[in-house]
Structures are given as C-alpha cells and as structure tokens.
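Read the structure below first, then the notes.
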Amino acid sequence: MTVAPAANGLASSAPPAGEAEHVSASACPACLAAPSAEALAKSGDLRGARIMLSLPTAHCAVCITDVERELSRQPGVRSARVNLTLKRVSIDAEPGVEAAPLVAALDGIGYEAYELDPGLLSATETDKRGRDLLMRIGVAGFAMMNIMLLSISVWSGAEDATRDMFHWISAAIALPTVVFAGQPFFASAWAGLRHGRVNMDVPISLALILASSISLYETAHHGHQAYFDAAVMLSFFLLVGRYLDYRTRAVARSAAEELAALEVPRATVLRDGAEVVVPVGELVPGDIIRVRPGGRIPADGEVTEGTSETDRSLLTGESLPVYAGPGVTLSAGEVNLTGPLTLRVTAAGKDSSLHRMADLVATAESAKTKYTSLAERAARAYSPLVHTLAFSSFLIWLWITGGDVRHAINIAAAVLIITCPCALGLAVPAVVTAASGRLFRKGLLIKDGTALERLAEVDTVVFDKTGTLTMGAPTPENLFELTPAQFALAAALAGASSHPLAKALAAAAQERGIVPAALDDLHEVPGYGVEGRLDGAILRLGRADWVGAEAGSVTATHLRIGAEAPVTLRFADSLRPGAEAAVTALLAQKKRVLLVSGDVEGAVAALARRLGIAEWHSGARPEEKAALVAEMTGQGARVLMVGDGLNDTAALASAHVSISPASALDAARTASDIVLLGQDLAPVADAVRISVQARRRIKQNFALSGLYNVVAVPIALVGLATPLAAALAMSASSITVSLNSLRLK
Numbered sequence: 000m001t002v003a004p005a006a007n008g009l010a011s012s013a014p015p016a017g018e019a020e021h022v023s024a025s026a027c028p029a030c031l032a033a034p035s036a037e038a039l040a041k042s043g044d045l046r047g048a049r050i051m052l053s054l055p056t057a058h059c060a061v062c063i064t065d066v067e068r069e070l071s072r073q074p075g076v077r078s079a080r081v082n083l084t085l086k087r088v089s090i091d092a093e094p095g096v097e098a099a100p101l102v103a104a105l106d107g108i109g110y111e112a113y114e115l116d117p118g119l120l121s122a123t124e125t126d127k128r129g130r131d132l133l134m135r136i137g138v139a140g141f142a143m144m145n146i147m148l149l150s151i152s153v154w155s156g157a158e159d160a161t162r163d164m165f166h167w168i169s170a171a172i173a174l175p176t177v178v179f180a181g182q183p184f185f186a187s188a189w190a191g192l193r194h195g196r197v198n199m200d201v202p203i204s205l206a207l208i209l210a211s212s213i214s215l216y217e218t219a220h221h222g223h224q225a226y227f228d229a230a231v232m233l234s235f236f237l238l239v240g241r242y243l244d245y246r247t248r249a250v251a252r253s254a255a256e257e258l259a260a261l262e263v264p265r266a267t268v269l270r271d272g273a274e275v276v277v278p279v280g281e282l283v284p285g286d287i288i289r290v291r292p293g294g295r296i297p298a299d300g301e302v303t304e305g306t307s308e309t310d311r312s313l314l315t316g317e318s319l320p321v322y323a324g325p326g327v328t329l330s331a332g333e334v335n336l337t338g339p340l341t342l343r344v345t346a347a348g349k350d351s352s353l354h355r356m357a358d359l360v361a362t363a364e365s366a367k368t369k370y371t372s373l374a375e376r377a378a379r380a381y382s383p384l385v386h387t388l389a390f391s392s393f394l395i396w397l398w399i400t401g402g403d404v405r406h407a408i409n410i411a412a413a414v415l416i417i418t419c420p421c422a423l424g425l426a427v428p429a430v431v432t433a434a435s436g437r438l439f440r441k442g443l444l445i446k447d448g449t450a451l452e453r454l455a456e457v458d459t460v461v462f463d464k465t466g467t468l469t470m471g472a473p474t475p476e477n478l479f480e481l482t483p484a485q486f487a488l489a490a491a492l493a494g495a496s497s498h499p500l501a502k503a504l505a506a507a508a509q510e511r512g513i514v515p516a517a518l519d520d521l522h523e524v525p526g527y528g529v530e531g532r533l534d535g536a537i538l539r540l541g542r543a544d545w546v547g548a549e550a551g552s553v554t555a556t557h558l559r560i561g562a563e564a565p566v567t568l569r570f571a572d573s574l575r576p577g578a579e580a581a582v583t584a585l586l587a588q589k590k591r592v593l594l595v596s597g598d599v600e601g602a603v604a605a606l607a608r609r610l611g612i613a614e615w616h617s618g619a620r621p622e623e624k625a626a627l628v629a630e631m632t633g634q635g636a637r638v639l640m641v642g643d644g645l646n647d648t649a650a651l652a653s654a655h656v657s658i659s660p661a662s663a664l665d666a667a668r669t670a671s672d673i674v675l676l677g678q679d680l681a682p683v684a685d686a687v688r689i690s691v692q693a694r695r696r697i698k699q700n701f702a703l704s705g706l707y708n709v710v711a712v713p714i715a716l717v718g719l720a721t722p723l724a725a726a727l728a729m730s731a732s733s734i735t736v737s738l739n740s741l742r743l744k
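So for the sequence shown, numbering that gives the first Met the number 0 puts the first residue at 0; every next one is plus one.
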C-alpha cells in the first residue's frame, strides 16, 4: 500500500530494496512530518544542565516570584521558570550544578522541592489532593448549616442561660471544624511566616483565629454575640474558592510527559553478532539496533537492513503507514509494523527527535503571558494592605475607646473578615464553572481557567487536517470503475492486509455484499502490498511502483490482475460533521482561517477549496507548525490552534489558545486548553462567542468585588460592622459574584 507522492516530486514512492539511490526519499510528504534528529539537534542549545524540580506547595503568583527570585540567586543558575499548572520549576544552569543545593535553597524560604519524579506527579496523587479539599468542604458545609440553625434561636431573642447553651453547642461544633477545614490555610500561612514571608493565607488564618477566639471569649463572658457561624462560613467559602481554582489547574497534564512516555525503556543492540538488551539511555550514535515487528523505535536512526512499514501517526498525525527500507531515517517513537529492521543509531536519549519535541512543548507550556489572573497579580499587594488596615483600625479604636481592647479587636477582626478575597477568588472560577457547563452541553470541555479569556481575543484560527477537519478514516471513491470480478479479487487481496487502505477496501466490499475470491499463495510483502495467485496469474494490490502503475498526487492504492492494465483506487477522508459550519461561522466573524497539514498537497488543496479556506500549507513538519504559530504570534495575531496529532502538540502548547478532539492523541489533548468531546466541530465557533460573554462577566465580577470593598471596608473601619455582619457581607459578595456568573448564556 502507498500514498502517492505530491506533484512537486519531493516524496516519490520508494522502489524495492536494493535501489538505494531512491529509497532515501520518504513515501509521501506526510512522512516528512517525522523530524530528523540532526535537524532537531541544531534547533536548540543542549549544553549545560537542565534541572527539573517539583513544587507541591506552590499555588499562587507570590510563589512564582519567590521561587524564581531565590533560584536566580544561586551560583551557576542562568534562569528559572515556574510552571504553576504542573507545580514544577525548570532550571537552566551551568554544567556541574546539582539539584541538592537548589532544593536546600528553596527549603530555606519555605518551599518543599525535590527532583522531578513522574511517579510523584501521577493522577492518583492529584486526585488525592482534590478529595482532601472536597472532604474539608463537606465538613465545613455540614457544620455551617447546623450552627446557622442554632443561631436562629439566638437571633430570635434567646437570652441568658439559653443563649449561652446555644453558644457553647456552636463552639463545640465550630472549633474542631475550623481547625480541620482551615488546615490548608493555617499550614501555608505558618510555612510563610517561619521563613519571613507574608502570603495571602496569613490574613485569612488571622481572621479565622480572631473570629473563633472572640466568639469563645464572648461565650465565656455571657456575651450577647458569638461569631462561630461566621468563622465556619468563612472556612467553607474559602475552601470552595480554593477547590475551584485547584480544579482549573489540576485537570491539565503535561503534553511533554505524554511525549516522554512514548520512549521505550530498552533496546536490542547487536554486538559481535549477538543481540544484547540494554537500557535505552546507554545507546550512542553508531550503535546497531534491531527492531522486530510491533516494536517501537527506541532512537533516531537510519535503516541498514530490512524492509517494512512504520506507523508514524503518533508523530505526524497521519494514519497511513509509510515505507521503511535501507537508507530511510526513522525517528524515536515510530512503530515498526510488518518486518524486522536493523538501524544505525544517529541520535538517542535527550538528543532524539522525541525528546527535542518534548522540550518544545515544555517550553511553550512554561511561557508566561499577560493574561494571568488579576487576583494573582494583586496577591503581592493584598497581604500588607489588609494587615496594615486591620492593625491601624485596632490602634485607632484602642485610642478612641480609651483602651477597650475587646472593642478594638472586634473591629480589627471585622476588617480582616470583610476584606477576605473570597469574592475576588471566585470572580474567575465562578465564570469558568458556568461557562464550562454551558460549553459541555455543546460538546466542549474547558481544561484551563484562563482559556475563555484568551479565546475571546482570538483573531486567527489554524486547523489541522486529518483527524480534525476530517475523521481520519479513508473511504474509497471510485469503486464503480471495478467490475464485480475485479472487486472480488481486490477484496480477497485486501482481506490479507491490516493496512488502513486495505481495511477500508475490505469493509466497502463487505458492505456491498461482495464475496472475496479464492486465491492461492496469498501473502503480504512488507512495505509494498499484498500478492496472490489465480490460475497461475500473479495479482497484486499495493504501491504504484510495485504494481507497475503511474503514481499520482492523491491518496491511492493500485490493483493489477495478471497482465491486465493496473487499476487505481482513490481514497478520500470523510469530512468531520460541523466542519463546514465551523469554518463558515469563523469566517463570518472576520477571523483569519488557515489549514496546515502534513498530508500531501493535492489532498490539502482539495479540502481547502471545499471549505472555502484561502490559506493552506501541506507537508508541514511538527516544528514548522509550531514556527508558523510563533511567527503569526510575533506579528501580533492571537492564534487558536485546532489539532489532534502529536505533531500538533508543540503548536497547540504555543498557541494563544488551543482545541483538540476527544479522539485525538493523549499528548495533543493534554497540550490543549479545550477538548471537543463529540464529533461535531460546529461548537468551536460557539466557544468563541461564549468566551466573549465570559470575559465580560469576569470583568463585571472584578468590578463587583472592587465596589464591595470600596463600600464595605470603610464601614468596618469606622466600627459600624461587627465580625458577624462582616462575614455576612463577605458571603453576600460571594453569592452576588456567583449569581452574576450564572447569567452567562
């Protein structure tokens, strides 16, 4: 089987083994999408040490600043970049720099760190943290409801012993709850204070402690008011905000990890004529390795012996296997399909094309943008401002009241509670949750909390072809040209092969009720096609040059029956439902739309004409897709990348925002911000519209939060708000933000 070459002749069909002057060219332009190790090795400077550390306690913008600043001070460190989504830091250091002193330096400022271990970043560990937060939310919510029921009696006029009894019961419920539910805030605040840092959790912890302490004091002295409900309510809403923020980050996993997972751990090396199994890390250029059918290529190399076909779909996004023979260069991560191969290693380990591609993705994922949450940008100014206001109010009221410490503490606690950033923390997650639910019903899953904001700014859309605009399943186009007898013979040949085109042909014959003919000596010739005999005549189905047919510029296989003239069977990929509607809607929204694919020129041009896309690129390699996105970004464009293959992951990660179908490769899905759950592509245009609404709601939520503080903080400062009133006001602001978010249509 073969994919015919493009008209430009850059990728002619390979001749049989032995004609080495021709086999160095790959079978089709799509095959060029698998990058050569030599070219990738020149694309970046691999000198020096690249150290990866995991940061399990990092959670905000302050953490990013602290970690990067501290690491930059260490001898030999050139730069450090924190990826908050993955909770890790990538360090570019001079040769000889070890991880141990860097871990110690971070520990010195209160951050737990260790050398990256993929096992410690597993989904199981991530789920454990999510379950822990949900458990604390459940405890706080249950306690809050019970304390509110008890408070109704107090508000209704219960006095003396009855009031004290309800207060003590509330205390028995609230104090253990605050200790348990507030543990994430207390632990973070204590870790910061121990090392001289004041983070956002310090005022939150102080408010919880003050509200609980004042309530306990009031209860012990038969006071009329206790604020246990305020303390537990504060814990509940803060935990909800923390969990919503956590979910927007925890869903995303690194596409770089998916790429690294494609590397096989061991390789079979030929040494003195014997096969020796060694760790892939021990491979060096020049080693001779053997790969059996079904095995994954462990390193970049050039085929020295054997012919076969390889599956490059994980690297190119194209589903059609390609010819592999002497002189052909293969990349790590490809799968050998039909015959044993012997390769001479050209690049292995961190120098392989697979690792270079992973580096491209990791770099793009770690890049900072100006669209960081406003709540995180304000984190550095929040803590000192709140503490200054609370402490100043305490001193002023202590002076005004002539030393009434109880009254001054009440006002200071009210200031801490009323300025709690709960509404600000919910401003983005609440909108993301509402928008995610609406888009989910349309078949889109939002993975990144900032994706909607970035999607609203998109002015350019780049589509991949196979698996994105099309379904990635070839269907025969011209079966009507076959006679029933020819069809029966073609079905018999196709049934002996697992090639996608052969399987599509066999399926078409079955659908039409064609009974395969009985052939003798039916066998597959790796890299060429299927051969059989009928009454002494040789029948072949496969590559153009093997069958004796003329190669064209479309996806095709060829049938030859004895001495008869060859018959070309053309194949086309079916269009994904909603593709035309999506492109039409985006063009109507004045978006610039491009089609970029590793497929042959003829197939790409035909699809572009069908969809009305004026700009298209064929035969694009992975780094060329990423470079095109980077070039447009450099020119000021805001690019939406829609793709599904491993060759799209670098472009997906570096785009302003990205979407992948659920049928896409895991690495592509994890590199993208949004996943298309169904087959229909039309919701992509809906997502752009909804994202504009979501950005508007986010801005409104920030405005509501700001207005709340402008009105409420002065009221607390002048002593007109008790801690309970402050807690109610804080809760009201959170509810207002949530209701505004639900207005999303």
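Don't be surprised by glycine CBs; every beta carbon is placed ideally from N, CA and C.
Item to complete: Can you grab the Cα-Cα spacing for the pair glutamate 563 / valine 674, in whole Å?
Response: 50 Å
Practice prompt. With a threshold of 16 other CB atoms inside 10 Å of the CB of methionine 631, please say whether the residue is buried or exposed.
Written response: buried
Worksheet item: When the Cα of asparagine 700 is compared with those of Ile714, Trp545, Leu741 and Val687, which residue comes out closest?
Response: Restricting attention to Ile714, Trp545, Leu741 and Val687, the CA atom closest to the CA of asparagine 700 is found in Leu741.
Worksheet entry | Endpoints, alpha helix (DSSP H) assigned at serine 212 | 200-219
Worksheet entry | One or two residues paired with methionine 51 in a DSSP bridge | Ser89
Worksheet item: Going by other Cβ atoms of all chains shown within 10 Å of its Cβ, with 16 needed for buried, is asparagine 739 buried or exposed?
Response: buried
Practice prompt. Find the nearest neighbour of alanine 413 within the set Asn708, Thr735 and Asp91, judged by alpha-carbon distance.
Written response: The residue with the shortest Cα to Cα distance from alanine 413 is Asn708.
Worksheet item: How big is the Cα-Cα spacing for aspartate 463 and glycine 191?
Response: 46 Å
Practice prompt. May I have the straight-line CA-CA distance separating methionine 51 from proline 100, to the nearest angstrom?
Written response: 13 Å
Worksheet item: Can you pull the DSSP bridge partners for arginine 559?
Response: Arg539
Worksheet entry | Member of Ala230, Asp520, Tyr527 and Ala160 whose CA lies at the smallest distance from the CA of histidine 220 | Ala160
Worksheet item: Should alanine 112 and valine 102 be called a contact, given that it needs their Cβ atoms to be closer than 8 Å?
Response: yes
Fill in: Same chain, Cβ closer than 7 Å to alanine 487, neighbours up to 5 away in sequence not counted
Only Ile513, Val514, Pro515 and Ala516 meet the Cβ criterion.
Worksheet item: arginine 68 by DSSP, collapsed to three states: which one?
Response: helix
Worksheet item: Considering only C-alpha positions, which residue in the set Ser187, Pro475 and Arg291 is nearest to cysteine 62?
Response: Ser187
Worksheet entry | Coil, strand or helix - alanine 660 by DSSP | First, the residue type needs correcting, since residue 660 is proline and not alanine in the sequence shown. DSSP places proline 660 in strand when its eight states are reduced to three.
Worksheet item: Under the DSSP definition of a beta bridge, which residues are partnered with asparagine 409?
Response: Beta-bridge pairing links asparagine 409 to no other residue.
Practice prompt. Write down the C-beta distance between alanine 104 and leucine 149 rounded to the nearest angstrom, noting that I regard them as a contact closer than 8 Å.
Written response: So it is not a contact: roughly 50 Å between Cβ atoms.
Worksheet item: Who are the Cβ neighbours of leucine 743 in its own chain at under 8 Å, not counting the five residues just before and after it?
Response: Val430, Ala433, Ala434, Arg437, Ile689, Gln692, Ala693 and Arg696
Worksheet entry | For proline 565, the three-state DSSP class (helix, strand or coil) | coil
Worksheet item: Is the Cβ-Cβ distance between aspartate 65 and isoleucine 146 less than 8 Å?
Response: With contacts defined as CB atoms closer than 8 Å, aspartate 65 and isoleucine 146 fail to qualify as a contacting pair.
Fill in: At least three beta-carbon pairs within less than 8 Å, the region 290-298 to the region 325-336
yes
Item to complete: Determine the DSSP secondary structure at leucine 336, reduced to helix, strand or coil.
Response: Note: leucine 336 maps to coil in three-state DSSP.
Practice prompt. Count the other C-beta atoms from every protein chain shown that fall within 10 angstroms of the C-beta of lysine 589, then say buried if there are 16 or more, exposed otherwise.
Written response: exposed
Worksheet item: Apart from the five residues just before and just after glutamate 301, which ones in its own chain have a Cβ nearer than 8 Å to its Cβ?
Response: Gly326, Val327, Thr328, Leu329, Leu342, Arg343 and Thr345
Fill in: For serine 659 and lysine 441, the rounded distance between their alpha carbons
15 Å
Discussion item. DSSP three-state label for glycine 442, please.
Written reply: coil
Discussion item. Let me check one thing: in DSSP terms, what residues is aspartate 310 bridge-paired to?
Written reply: Aspartate 310 is bridged by DSSP to Val334.
Fill in: Contact belief for serine 392 with leucine 716 at Cβ below 8 Å, rounded distance in angstroms
A Cβ-Cβ separation of about 5 Å places serine 392 in contact with leucine 716 under the 8 Å criterion.
Worksheet item: Cβ atoms of leucine 492 and glycine 531: under 8 Å apart, would you say?
Response: yes
Worksheet item: Quick one: any contact between the region 468-488 and the region 561-578, if contact means 3 or more CB pairs under 8 Å?
Response: yes
Fill in: Nearest to arginine 453 (by Cα), restricted to the options Val76, Arg72, Leu639 and Gln678
Leu639
Discussion item. I need the DSSP call for histidine 386, collapsed to helix, strand or coil.
Written reply: helix
Item to complete: Just the C-alpha distance for alanine 629 and alanine 173, rounded to the nearest angstrom, thanks.
Response: 54 Å
Worksheet entry | CB of valine 529 within 8 Å of CB of glycine 541, strictly | yes
Worksheet item: When DSSP labels each residue in this structure, what does tyrosine 110 get in the three-state scheme?
Response: Residue state, collapsed to three classes: coil.
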